[in-house]
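Engineer:
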Amino acid sequence: MTDPQVAVAMLGIFIFIIMLGFPIAFTLMAMGIGFGYYAYFDASRMWVPYRRALEQDTDTLTLVQHWIGGFFNNRIFDLFVNQTYSVMANDVLTAVPLFLFMGYIVERANIVDKLFHTLSVATRRLPGSMAVAALITCALFATATGIVGAVVTLMGLLAFPAMLKARYDTRFASGVICAGGTLGILIPPSIMLIVYAATSGVSIVRLYAGALLPGLLLAGLYLVYIVGRAMLQPSIAPKPEEPEEKIPATKLFWMLATSFLPLAALILAVLGAILFGLATPSEAAAIGAIGGLLLALAYRALTWQRLQESVYLTVRTTAMVCWLFVGSWTFSSVFSYLGGEQVISEFVRGLDLTPLQFLLLAQLIIFLLGWPLEWSEIIIIFVPIFLPLLPHFGIDPLFFGILIALNLQTSFLTPPMAMSAYYLKGIAPPHVQLIDIFRGSMPYLAMVVLCMIILYRYPDIAYWLPRVIYGR
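Be aware that the sequence shown starts at 124, since it is given in the working numbering, and climbs by one per residue.
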């Protein structure tokens, strides 16, 4: 087999192994080292000390030591060490554990239940008011945490039972929770965008600025759908009963000031510091982490146990992301060295696709990968395959990244591997069927596709804010 054929086989074997359920990070590292050993194998260089020892009639133990030393004298081990150091020293990735810590602390600050209750009162005159309140709460909480599972689970415990108690349709209510919980990977400060920036080399600051309006557009489309559906079918979202005592405007303002404003201020402070150049993403993430601690302290929710949980979950998730990067960069380096990247590039160019056709093909592949894989694995492992092809088709990596962030919303909502649906089913009442959650999520898939079409038709939605702030 030629080296390019070995590279293609390497990619095929990797896909087969991860479909069997093996841990992806360790599979990447093992395959990268295994195939890398073959790629960098050079017996004439590796066993020079061993051959010299043979000529000098050295004792057996020394010969064994030289042979073992020669076995590990393959350049793949130097590459693996260098890639590990590069990941750990990456300035962009430093923001990941800090944003994660902020999210886990905010999750434990007991602010979400107060926020949902306040927004339910504030929006009670709107059709589907509880669903509107749930979506806004999901969007804010998801933006602050960036952790889909945490948002869907917590909102499934707080808002979902409240909507069912108010006689909301099960499918309608479950769709709101599942779709709202996924917004955190799109709306800045998103951890997914940080990972994409580290993978693609795109400025994280410009990426945040570019993703803000598309994220708000998608949230707006969700709200339009919720209100419109509740107006056309009032039976799926009955109006709440009027309270015995009308809540004064001053009390409502105070409720908003103590629940909505603190979380919104934390998000705006972090995002504003990044966008306007007041702090690097890592510095802004540190500010957010401190702000999350202060928020938990202000709500009297900061305990030693909750702090321990937040630190443990932060370390666990950060380690997963970092080892994925180490494995992916080692794997992709060997894959490229063997000529695999060139084979794929020549194949795609040979198809003679237009830029639109290439975008559709890339997004379809990413959509299908979203069934068995997490967003982190797609961004770190498979997106780098497309990145070298973008200049050929004249596609901006920033625009491509925002389309991917939109597309990956569908990976949490599309059966059979819709993780948001499984998160919700895990804590939903027994009478709520998984098929009902799937069906409730379907309209939001259409909203995501519509948002992607609008963004492609009007790309200035992504480019306007970076141009206004940074002048180009």
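For glycine and all other residues, C-beta sits at the position ideal for the given N, C-alpha and C.
Might you give, ordered along the chain, the residues of its own chain that have their beta carbon closer than 7 Å to the beta carbon of Ala302, omitting 5 neighbours on each side?
Structural biologist: These residues qualify, in order along the chain: Tyr345, Leu536, Ser564 and Tyr567.
Engineer: Can you give me the Cβ contacts of Glu230 inside the same chain, cut-off strictly under 7 Å, excluding the 5 residues immediately before and after it?
Structural biologist: Once the five neighbours on either side are set aside, the close Cβ partners of Glu230 are Thr268, Ala273 and Leu277.
Engineer: Could you tell me the alpha carbon to alpha carbon distance between Phe164 and Arg198, rounded to whole angstroms?
Structural biologist: In a straight line, the C-alpha of Phe164 is about 8 Å away from that of Arg198.
Engineer: Under the rule that 16 or more other beta-carbon atoms within 10 Å means buried, what is Asp559, buried or exposed?
Structural biologist: Result: buried.
Engineer: From Ser323, Glu469, Ser252 and Gly411, pick the residue whose C-alpha is nearest to that of Val350; which is it?
Structural biologist: Comparing Cα positions, the closest option is Ser252.
Engineer: Quick check: is the beta carbon of Pro582 nearer than 8 Å to any beta carbon in chain D?
Structural biologist: Of the protein chains in this structure there is only one, and it is not chain D.
Engineer: Check whether the Cβ atoms of Val523 and Pro538 lie closer than 8 Å to each other.
Structural biologist: According to the sequence displayed, residue 523 carries Phe and not Val. Cβ distance not < 8 Å, so Phe523 and Pro538 don't count as in contact.
Engineer: Going by CA-CA distance only, name the one from Asp519, Ser451, Gly414 and Ser543 that's closest to Tyr579.
Structural biologist: Taking only the C-alpha atoms, the option nearest Tyr579 is Asp519.
Engineer: According to DSSP, is Pro250 helix, strand or coil?
Structural biologist: Three-state DSSP puts Pro250 in coil, outside helix and strand.
Engineer: Under 8 Å between the Cβ atoms of Met540 and Pro495?
Structural biologist: Taking 8 Å as the Cβ cut-off, Met540 and Pro495 qualify as a contacting pair.
Engineer: Check each candidate in Val457, Ile489 and Ala528 and name the one with the smallest Cα separation from Gly157.
Structural biologist: Among Val457, Ile489 and Ala528, the Cα nearest to that of Gly157 is on Val457.
Engineer: Helix, strand or coil: which one does DSSP assign to Gly517?
Structural biologist: Correct three-state label for Gly517: coil.
Engineer: Look up Arg231 in the DSSP assignment and say whether it is helix, strand or coil.
Structural biologist: In the structure shown, Arg231 sits in coil (DSSP, three-state: anything other than H, G, I, E or B).
Engineer: Who are the near neighbours of Trp587 in its chain, counting only those whose CB is closer than 8 Å to its CB and skipping five residues on each side?
Structural biologist: For Trp587, where only same-chain residues beyond five positions count, the Cβ hits under 8 Å are Leu336.
Engineer: Determine, using beta-carbon pairs with one atom in the region 425-435 and one in the region 240-257, whether at least three such pairs fall under 8 Å.
Structural biologist: No, they do not touch.
Engineer: Under 8 Å: do the region 290-306 and the region 379-389 share three or more Cβ pairs, one atom per stretch?
Structural biologist: The region 290-306 is not in contact with the region 379-389.
Engineer: Using a Cβ distance threshold of 8 Å, determine whether the region 303-317 contacts the region 525-533, with at least three qualifying pairs required.
Structural biologist: Judged by Cβ distances under 8 Å, the region 303-317 makes contact with the region 525-533, as three or more pairs qualify.
Engineer: For Gly415 and Met211, which I take to be in contact (beta-carbon distance under 8 Å), what is that distance rounded to the nearest angstrom?
Structural biologist: Gly415 to Met211, Cβ: 24 Å. No contact.
Engineer: Less than 8 Å between the C-beta atoms of Gly279 and Ala544, yes or no?
Structural biologist: No; because the gap between Cβ atoms is not below 8 Å, this pair is not in contact.
Engineer: Anyone know if the C-beta pair for Leu521 and Arg294 falls short of 8 Å?
Structural biologist: Not closer than 8 Å, so no.
Engineer: Quick check on Lys68: buried or exposed, where buried means 16 or more other Cβ atoms within 10 Å of its Cβ?
Structural biologist: Residue 68 lies beyond the stretch modelled for the chain, which goes from 124 to 595, so this question has no answer here.
Engineer: Got a sec, what are the start and stop residues for the alpha helix (DSSP H) Arg590 sits in?
Structural biologist: Taken as a continuous stretch (DSSP letters only), the alpha helix (DSSP H) holding Arg590 covers Asp583 to Tyr593.
Engineer: Give the straight-line distance between the Cα atoms of Thr125 and Ser451, rounded to the nearest whole angstrom.
Structural biologist: Looking at the two C-alpha atoms, the distance is approximately 23 Å.
Engineer: Assuming contact is defined by CB atoms lying nearer than 8 Å, are Leu447 and Glu500 in contact in what I supplied?
Structural biologist: Yes. Within cutoff.
Engineer: Among Gln532, Leu151, Val591 and Thr453, which one has its Cα closest to the Cα of Ile270?
Structural biologist: Nearest C-alpha to Ile270: Gln532.
Engineer: How far does the alpha helix (DSSP H) with Thr426 in it reach, from first residue to last?
Structural biologist: Segment: none, Thr426 is in no alpha helix (DSSP H) and carries neither H nor E.
Engineer: Just to confirm my understanding: we take Val438, look at its own chain, exclude 5 residues before and 5 after, and list those with CB closer than 8 Å. What are they?
Structural biologist: Contacts found: Pro220.
Engineer: So is Ile327 buried or exposed if we call it buried at 16+ other beta carbons inside 10 Å?
Structural biologist: Ile327 should be labelled buried.
Engineer: Under three-state DSSP, which class holds Trp170?
Structural biologist: Three-state DSSP puts Trp170 in coil, outside helix and strand.
Engineer: Over what stretch of residues does the alpha helix (DSSP H) that includes Arg198 continue unbroken?
Structural biologist: Arg198 to Met211 is the span of the alpha helix (DSSP H), which, as asked, contains Arg198.
Engineer: So for Gln356, helix, strand or coil by DSSP?
Structural biologist: Reduced to three states, the DSSP call for Gln356 is coil.
Engineer: Check Leu236 in the structure and name its three-state DSSP category.
Structural biologist: Correcting the residue type first, residue 236 is Asp in the shown sequence and not Leu. DSSP places Asp236 in helix when its eight states are reduced to three.
Engineer: Given a cut-off of 8 Å, decide if Gly463 and Ala148 are closer than it, judged by their beta-carbon atoms.
Structural biologist: No; because the gap between Cβ atoms is not below 8 Å, this pair is not in contact.
Engineer: Does the Cβ-Cβ distance between Val471 and Leu512 come in under 8 Å?
Structural biologist: Closer than 8 Å, so yes.
Engineer: Within this structure, are the beta carbons of Ile489 and Thr322 separated by less than 8 Å?
Structural biologist: Not closer than 8 Å, so no.
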